[in-house]
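Numbering (the working numbering), first residue to last: 62 to 445.
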């Protein structure tokens with residue numbers, strides 16, 4: 062009888078908790094975290110406490126990942142509607158009485174100052190995955206229309222702030238859920254083709270469209286300026302084109318093997334703007350060169366492929382859609398950041414996951430990783 066009441070050993074208590082960790086996914090994050098700490102030390106060692114703060118943010122993200130990994134997907138599904146409703150309500154509050162900084166109204170004071178748009182990066186895929194889970198087996202075209210509306214509401218409110226970078230991330234995560242839910246290719250190909258044609262026309266008619274005094278009624282002035290600067294940054298090399306030009310110079314000057322750790326001249330002579338945040342990829346490229354870039358890209362590809370594998374093997378439709386959308390968040394972060402620093406996308410203020418400095422973004426990434434870990438754990442429990 063005494064054996065029945067014996068306390069479990071420390072190993073017996075720890076093993077079930079650690080089962081929430083997917084080994085390959087954790088390894089990919091470890092590689093990126095090491096690259097981030099190295100780059101942050103080099104680019105931010107003389108930038109106050111930036112390096113120490115980055116390490117603290119990583120520990121915070123790791124703690125959040127650990128906690129979220131213990132929450133089963135069924136429990137996560139129960140949070141979908143309330144988190145989405147609260148997030149949209151806070152976005153409306155921002156529009157009505159939000160705090161304006163640097164010309165953008167993105168924050169609201171609810172006892173503490175928060176940026177509600179960050180919540181929607183997770184809330185939107187949660188909500189859409191919940192919606193399509195409820196419609197499993199009886200999907201109709203109208204259900205995709207409702208999903209589009211659920212996505213359009215927060216994206217529209219975020220773009221109005223204006224915050225193009227965050228709206229792109231939220232839109233990408235939402236569209237991933239809608240696509241993975243079974244959206245027909247017949248509905249996907251036409252807008253993609255229209256976008257390609259639009260880009261070609263934009264490049265071809267750039268001199269006329271970006272002429273002085275010409276305004277695009279669809280976009281804000283600053284958004285139009287970013288696109289025109291992307292098309293021809295040399296028009297204002299010391300002003301709006303400075304970021305792109307200096308980023309490309311730093312990337313090119315790194316060559317194949319880079320200038321070496323802490324040897325980047327563009328970085329340490331402060332030619333690279335925002336060298337610890339949005340443009341940290343330029344600082345990394347200068348010091349580690351093409352070889353370092355290939356390593357970084359390979360680590361992101363490994364992370365994304367592992368996330369998609371978890372999505373593919375998930376036991377429920379909700380888990381599959383959520384894991385796929387969360388994985389696309391990492392892809393969008395990395396693709397947009399590297400693209401804008403390299404001069405192939407407009408500068409929209411999107412950080413590079415685990416490399417760029419930023420507490421809020423790190424918290425979001427920690428939650429996303431925790432969700433993937435939770436879904437991976439649920440898959441193993443089902444198989445056992």
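Ideal placement from N, C-alpha and C gives every residue a C-beta, glycine not left out.
Non-local C-beta neighbours of residue 423 in its own chain, meaning closer than 6 Å and more than five positions away in sequence, comprise 118 and 122, ordered along the chain. For residue 332, same chain residues with a beta-carbon under 7 Å away, outside a window of 5 residues either side, are 307 in chain order. Short of 6 Å from the beta carbon of residue 160, and not among the five residues preceding or following it, lie these beta carbons of its own chain, in chain order: 168. Counting of Cβ neighbours within 10 angstroms places residue 178 among the buried residues, the total reaching 16 or more. When DSSP states are grouped into helix, strand and coil, residue 166 belongs to the strand group. Within the same chain, Cβ atoms closer than 6 Å to the Cβ of residue 181 are found at 148, 215 and 231, the five residues on either side in sequence being excluded.
Residue nearest to residue 344 within the set 372, 416, 202 and 407 is 416 (criterion: CA-CA distance). In this structure, residue 111 sits away from residue 394, with a CB-CB distance that is not shorter than 7 Å. Assigned with DSSP and collapsed to three states, residue 290 falls in helix.
Residue range 246-265 is occupied by the alpha helix (DSSP H) that includes residue 255. Annotated as distal: residue 303 and residue 413, with beta-carbon spacing of 7 Å or more. By the C-beta density criterion, residue 239 is buried, having at least 16 other C-beta atoms within 10 angstroms. Ranked by Cα distance from residue 92, the first of 357, 386 and 430 is 357. Excluding five sequence positions before and after residue 348, the CB atoms of its chain that fall closer than 8 Å to its own CB belong to 100, 103, 315, 319, 320, 321, 322, 323, 324, 325 and 328, given in chain order. Non-local beta-carbon contacts of residue 94 in its own chain, meaning distances under 8 Å to residues more than five positions away in sequence, involve 119 and 415 in chain order.
Check the Cα spacing between residue 373 and each of 242, 114, 184 and 145: the tightest is with 242. When the beta-carbon positions are compared, residue 185 and residue 234 come within less than 7 Å of each other. Residue 89: member of the alpha helix (DSSP H) spanning 84-105, first to last residue. A direct Cα-Cα distance of roughly 31 Å separates residue 245 from residue 223. By the criterion of a C-beta distance shorter than 6 Å, residue 381 is surrounded in its chain by 372 and 375, once the five residues flanking it on both sides are discounted. With respect to the C-alpha of residue 311, the residue from 334, 289 and 299 having the closest C-alpha is 334. For residue 114, the enclosing alpha helix (DSSP H) starts and ends at 111-130.
Secondary-structure assignment with DSSP links residue 175 through a beta bridge to 169.
Taken through DSSP and simplified to helix, strand or coil, residue 227 comes out as helix. Under DSSP, residue 338 forms no beta bridge with any residue. Assignment of residue 328 by DSSP, reduced to helix, strand and coil, places it in the helix class. In the structure shown, residue 279 falls within a coil segment according to DSSP collapsed to helix, strand and coil.
Comparing C-alpha distances from residue 143 to each of 113, 86, 183 and 88 shows the shortest one belongs to 183. For residue 219, the enclosing alpha helix (DSSP H) begins and ends at 202-221. Following the DSSP letters along the chain, one finds residue 391 inside the alpha helix (DSSP H) bounded by residues 378-403. One thing to note: residue 85 has its Cβ within 7 Å of the Cβ of residue 367. Taken through DSSP and simplified to helix, strand or coil, residue 317 comes out as coil. One thing to note: residue 317 has its Cβ within 7 Å of the Cβ of residue 350.
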